[in-house]
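Participant: The sequence shown: position 335 = 427 (our numbering), numbered continuously. Glycine included, every Cβ here is placed at the ideal spot set by N, Cα and C. Nothing here was measured: the structure is a model prediction, and the numbers come from that model. Dropping a structure here in structure tokens format, bear with me for questions.
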Amino acid sequence: MAETLFHKVWNAHAVRQLPSGQTQLFVGLHLVHEVTTPQAFDMLRQHGWTVAYPDRTFGTIDHIVPTSVQRRPFLDVMAEEMATSLERNCRDAGIPLWTPDHENQGIVHVIGPELGLTQPAMTIACGDSHTSTHGALGAIAFGIGTSQVRDVLASQCLALDPLKVRRIDINGRLNPGVFAKDVILTIIRRLGVQGGVGFAYEYGGSLIDAMTIDERMTICNMSIEGGARVGYVNPDAKTFEFLRGRPFAPQGAAFDRAVNWWKAMASDSGAAYDDRVTFDAAAIEPTVTWGINPGQSVAINEPLDGDANDEAFEFMGFRPGSRITGTKIDVAFIGSCTNGRLSDLEAAAAIVRGHRVAPHVKALVVPGSRAVSKAAEARGLNDVFTAAGFEWRGAGCSMCLGMNPDKLEGRQLCASSSNRNFKGRMGSPTGRTLLMSPAMVAAAAIAGEVVDVRTMLEGVPA
Ligand code: SF4
């Protein structure tokens, strides 16, 4: 019978049906970081349990890392405690851990694919919502809470409810100045932030087929913002080439065998879906959020739509009918697991080259990993950004969630390439976030206000 990748992977990893109706699912790869693990390891110790599969567990420090000075001990005592605790827990359990002085360090969802840990048809769990990112390589990847982190550490299994599968086809080509970020913001806007509850999102269609793995990661990353538990793209030749030679990917003949297995796990052409939705790529425009969830967005030249009494309008200080273009910004942030990869920095640098950041704007570029940082520096991107007045920082989550010194102050308004615009997300309870593509953030940094990046494309290579 024709099946989806989701069902094939689920069935291949099912240990047994639980009386609750849930499935006990084996987890192929567990990624841990400093924020959601201290209590989980404590609970393990209290029960006298040990980590079941340290060889399937890998750690990095990302959320609390300062991006300006990364020397230890961190100046923030709590951050230092979290880092020390993860170091101790990983050492005791025999789990490899990449601290900020290690070349493999970076945001957990950037380094997994980068190192070849993330592979097609794998089940992956991590104590961070945006674990769906790994679905870009054909994995089924779950963001989990602290008690589930404990479960995976102790048993390498998760108890999960089954999911329905929604196929989302995006066909055609994007116009210049329109990026993967605009695609996923448009999908979330149309389907709603709760639209994916109970679903896995399978992305396909000619646009997804043509996308790079980096672009697919941007799409899968924000599946969770549309309510979906996971998001994935079927593995194809691009996936295999992306993985070939990466340190943790199978090597030599084992790689060829793995490719055959990965191909067999892709969704069959006649697979049935619980729902299907189609988007026209050519109709997608540069998109910006105006509200306090990622579904509250507009195409750049559209008027804001909604009820003036909506708390989002009140919090953000916007009015229905007004336009987002011309909105003055205070901060520009390029980074995060959504858009902190090399191709994101290249897209932003193409806009920045030869320009200056507006004098009233604080502008930051934070690579998603040390490897991204090194590759960007080898291409001179750091010089492009610093010459324009951006700060070039060390790898980490940075302003995406304000759990480190990179925070908004007061009611500052930030043009951000990250994934969440919730109240308080960037470290200030009254700070405001406008989500957009890295190229749009770059354009806003230069103009000092939200602008249509398409007005700045002259001379930019397609
Ligand atoms: S960049 Fe943001 S969303 Fe991604 S892992 Fe870090 S805090 Fe989470």
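#1: Does the structure place the segment 477-490 close enough to the segment 456-464 that three or more beta carbon pairs sit under 8 Å?
#2: Is the beta carbon of P412 closer than 8 Å to that of L207?
#3: For the alpha helix (DSSP H) containing N263, list its first residue and its last residue.
#4: CB of H222 to nearest heavy atom of the ligand SF4: below 7 Å?
#5: Round the Cβ separation of S79 and K273 to the nearest angstrom and send it over; I've been treating them as touching at under 8 Å.
#6: Taking 8 Å as the cut-off, decide whether the C-beta atoms of P205 and M314 are in contact.
#7: May I ask whether a heavy atom of the ligand SF4 can be found less than 7 Å away from the beta carbon of I199?
#8: Output the distance between the C-alpha atoms of S298 and G230, rounded to the nearest integer angstrom.
#9: Can you tell which of L526, E173, G472, A233 has its C-alpha closest to the C-alpha of L505?
#10: Please state whether DSSP places Q248 in a helix, a strand or coil.
#11: Which residues mark the beginning and the end of the alpha helix (DSSP H) in which T478 is found?
#12: When the Cα atoms are used, what is the spatial distance from P212 to A424?
#13: Assess, as a yes-or-no matter, whether the segment 299-314 is touched by the segment 263-280 under the definition of 3 or more beta carbon pairs within less than 8 Å.
#14: Within the same chain, show all residues whose beta-carbon is closer than 6 Å to that of G404, passing over the 5 residues directly before and after it, in chain order.
#15: At what residues does the alpha helix (DSSP H) containing S112 begin and finish?
#16: Tell me the DSSP bridge mates of W382?
#17: Name the DSSP bridge partner or partners of H122?
#18: Please report how far the alpha carbon of G432 lies from the alpha carbon of A440, in whole angstroms.
#19: Between which residues of its own chain and A185 is the CB-CB distance below 6 Å, once the five residues before and five after are set aside?
#20: What ranges does the beta strand (DSSP E) occupy inside the segment 396-451, keeping only unbroken runs of at least 3 residues that lie completely in it?
#21: Going by beta carbon distance, what residues of the same chain come within less than 6 Å of V257, once the five residues before and after it are set aside?
#22: Closest to A373 by C-alpha separation, out of V161, M532, I276, A537, would be which residue?
#23: Which same chain residues, not among the five before or five after H201, have their C-beta less than 6 Å away from its C-beta?
#24: Looking only at its own chain, which residues have a Cβ that is under 8 Å from the Cβ of S239, when we skip the five neighbours before and after it?
#25: Does H139 pass the burial test, meaning 16 or more other C-beta atoms within 10 Å, or should it be called exposed?
#26: With a threshold of 8 Å, are at least 3 pairs of Cβ atoms found where one atom belongs to the segment 117-132 and the other to the segment 242-250?
Facilitator: Reading off the structure:
#1: yes
#2: Here residue 207 refers to the residue found at position 115 of the sequence shown. Here residue 412 refers to the residue found at position 320 of the sequence shown. Taking 8 Å as the Cβ cut-off, L207 and P412 do not qualify as a contacting pair.
#3: Locating residue 263 in the sequence shown gives position 171, where the first residue counts as 1. No alpha helix (DSSP H) holds N263; the beta strand (DSSP E) holding it covers 256-263.
#4: In the sequence shown, residue 222 corresponds to position 130, counting from 1. Yes, the beta carbon of H222 sits closer than 7 Å to at least one heavy atom of the ligand SF4.
#5: Because the chain in this structure spans residues 93 to 554, residue 79 falls outside the shown range and cannot be described.
#6: One-based indexing of the sequence shown puts residue 205 at position 113. One-based indexing of the sequence shown puts residue 314 at position 222. For P205 and M314, no; Cβs fall outside 8 Å.
#7: To locate residue 199, count along the sequence shown from 1; it is residue 107. Flag set: Cβ of I199 near the ligand SF4.
#8: Reading the sequence shown from its first residue, position 206 is the one you call residue 298. Reading the sequence shown from its first residue, position 138 is the one you call residue 230. So the two alpha carbons sit approximately 17 Å from each other.
#9: Numbered from its first residue, the sequence shown carries residue 505 at position 413. Selected option, being the one with the closest Cα: L526.
#10: Here residue 248 refers to the residue found at position 156 of the sequence shown. It is coil, neither helix nor strand.
#11: Taking the first residue of the sequence shown as position 1, residue 478 is located at position 386. It spans 473-480 - the alpha helix (DSSP H) in which T478 sits, taken as one unbroken run.
#12: Position 120 of the sequence shown, counted from the start, is the residue given in the question as residue 212. Position 332 of the sequence shown, counted from the start, is the residue given in the question as residue 424. Distance between the alpha carbons of P212 and A424 is about 34 Å.
#13: yes
#14: Numbered from its first residue, the sequence shown carries residue 404 at position 312. As written in the sequence, residue 404 is Ala, which differs from the Gly given in the question. G383, I384, Q388, listed in sequence order.
#15: Residue mapping note: residue 112 aligns to position 20 of the sequence shown, counting from 1. Run containing S112: none; DSSP gives neither H nor E here.
#16: Taking the sequence shown and counting its residues from 1, one reaches residue 382 at position 290. Answer is none; W382 lacks a bridge partner.
#17: Position 30 of the sequence shown, counting from 1, holds the residue named residue 122. H122 pairs with T149, A217.
#18: As a working note, residue 432 is residue 340 in the sequence shown. As a working note, residue 440 is residue 348 in the sequence shown. Spanning the two alpha carbons is a distance of roughly 10 Å.
#19: The count along the sequence shown starts at 1 and reaches residue 185 at position 93. Once the five neighbours on either side are set aside, the close Cβ partners of A185 are V143, P146.
#20: 423-426
#21: What you label residue 257 is simply residue 165 of the sequence shown in a count that begins at 1. Hits under 6 Å: T96, F98, A292, E294, Y365, D366.
#22: Taking the sequence shown and counting its residues from 1, one reaches residue 373 at position 281. The residue with the shortest Cα to Cα distance from A373 is I276.
#23: Here the question's residue 201 lines up with position 109 in the sequence shown. These residues qualify, in order along the chain: H222, T225, C429.
#24: The residue you call residue 239 lines up with position 147 of the sequence shown. A132, M135, listed in sequence order.
#25: Sequence index remark: in the sequence shown, residue 139 carries index 47 (1-based). Exposed is the call here.
#26: yes
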